[in-house]
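**Student:**
Residue numbers (our numbering): 309 to 609.
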């Protein structure tokens, strides 16, 4: 990852993160568990659960939503932002970087660097339809590892499983089975969780890999952990505790319950507030019309 991105996160006083819902909490969890100066930062997180999921939304909708969330985070004092939603990063990483007044970091680039570092040769990616269709991971990986084969698979039914709290269930194992089977048939040596919701399904995916290919050694890659690893190498451990400011466009009580579970912390330590959509939509985004040659996402079988 670009050293300036590492410096911007390690040097930030308040790091903002956004996602369509709960998925970006996998990134926040990785940060607060980090053996670096991240573990004493102030974090502000917003999950846009009212409009979740983003994976089947049009380009224009995602662009509008992400711009609103970025503006809101900056107004709340974030001096660096992590796109904890790979669907938005796949479509808008460069545009958001150009238009946002603070440093914006995504997970695609550090993941591509990790694939090159380890030397994976056949990489599977499970992601939302939009991310898979964009080939964002393929492009990022092949830019540095041209000989690496990348197979991206759209998995539209997985985000609702996490959002409903069923990530540790037989339903999750069953839902992942056909995707695991397809990836293993492509002889992948690694599987990237290409949506930030999906690391919460790690055990379900691992169970399927063990069952379907007990003799295969397949590495499961969480891009958030990859990013945190790079940050930990750059900045040594420090004492202190993170300060969390959590917001959602949906039900704050329900979001607090699930956040406490996913982060493994006591709910009494959380203060989750509701941000009405009207507050986000009232912001002046300054967006120009979507170019006519931009094609809206379509479902992937």
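All residues carry an ideal CB built from backbone N, CA and C; glycine is no exception.
For a test of the three-state rule: what should DSSP assign to residue 557, helix, strand or coil?
**Tutor:** coil
**Student:** Looking at the structure shown, is residue 562 part of a helix, part of a strand, or coil, going by DSSP?
**Tutor:** helix
**Student:** What residue range does the beta strand (DSSP E) around residue 581 cover?
**Tutor:** 580-582
**Student:** Do you know how far the Cα of residue 331 is from the Cα of residue 530?
**Tutor:** 12 Å
**Student:** If you pair each beta-carbon of the stretch 432-447 with each one of the stretch 499-516, do three or more pairs fall below 8 Å?
**Tutor:** yes
**Student:** With DSSP as the reference, please indicate the residues paired to residue 452 in a beta bridge.
**Tutor:** DSSP, once it has assigned bridges, lists no residue as partnering residue 452.
**Student:** What residue from 357, 527, 317, 323 has the CA that sits closest to residue 584's CA?
**Tutor:** 357
**Student:** Ignore the nearest five residues each way along the sequence and tell me which others in residue 526's own chain have a CB closer than 7 Å to its CB.
**Tutor:** 496, 497, 498, 499, 517
**Student:** Does residue 458 pass the burial test, meaning 16 or more other C-beta atoms within 10 Å, or should it be called exposed?
**Tutor:** buried
**Student:** Give the DSSP-derived three-state secondary structure of residue 327 in the structure shown.
**Tutor:** strand
**Student:** I need the boundaries of the beta strand (DSSP E) containing residue 461, first residue and last residue.
**Tutor:** 457-462
**Student:** Return the CA-CA distance between residue 569 and residue 421, expressed in angstroms with no decimal places.
**Tutor:** Those two C-alpha atoms are separated by around 31 Å.
**Student:** If you draw a straight line from the alpha carbon of residue 554 to that of residue 577, how long is it in whole angstroms?
**Tutor:** Note on geometry: alpha-carbon atoms of residue 554 and residue 577 lie some 11 Å from one another.
**Student:** DSSP puts residue 498 in a beta bridge; with which residues?
**Tutor:** 431, 527
**Student:** Please determine, among 375, 354, 389, the residue with the shortest C-alpha to C-alpha distance to residue 319.
**Tutor:** With distances taken between CA atoms, residue 319 lies nearest to 389 out of 375, 354, 389.
**Student:** Among all the DSSP beta bridges, which residues are the ones paired with residue 355?
**Tutor:** 327, 556
**Student:** Rounded to the nearest angstrom, what separates residue 372 and residue 428 at their Cα positions?
**Tutor:** 36 Å
**Student:** Does the beta-carbon of residue 413 have 16 or more other beta-carbons within 10 angstroms, so that it is buried, or is it exposed?
**Tutor:** buried
**Student:** State the beta-bridge partners of residue 391 as determined by DSSP.
**Tutor:** 326
**Student:** Give the secondary structure of residue 471 by DSSP, where H, G and I count as helix, E and B as strand, and everything else as coil.
**Tutor:** Helix.
**Student:** Please report the distance separating the alpha-carbon of residue 473 from that of residue 488.
**Tutor:** 21 Å
**Student:** Nearest to residue 610 by alpha carbon, out of 538, 539, 447, 509?
**Tutor:** Summary: the structure shown does not reach residue 610, with the chain confined to residues 309 through 609, and so no result is reported for it.
**Student:** So for residue 335, helix, strand or coil by DSSP?
**Tutor:** helix
**Student:** Please check if any C-beta of chain D sits within less than 8 Å of the C-beta of residue 454.
**Tutor:** Absent from the structure is chain D; it holds one protein chain and no more.
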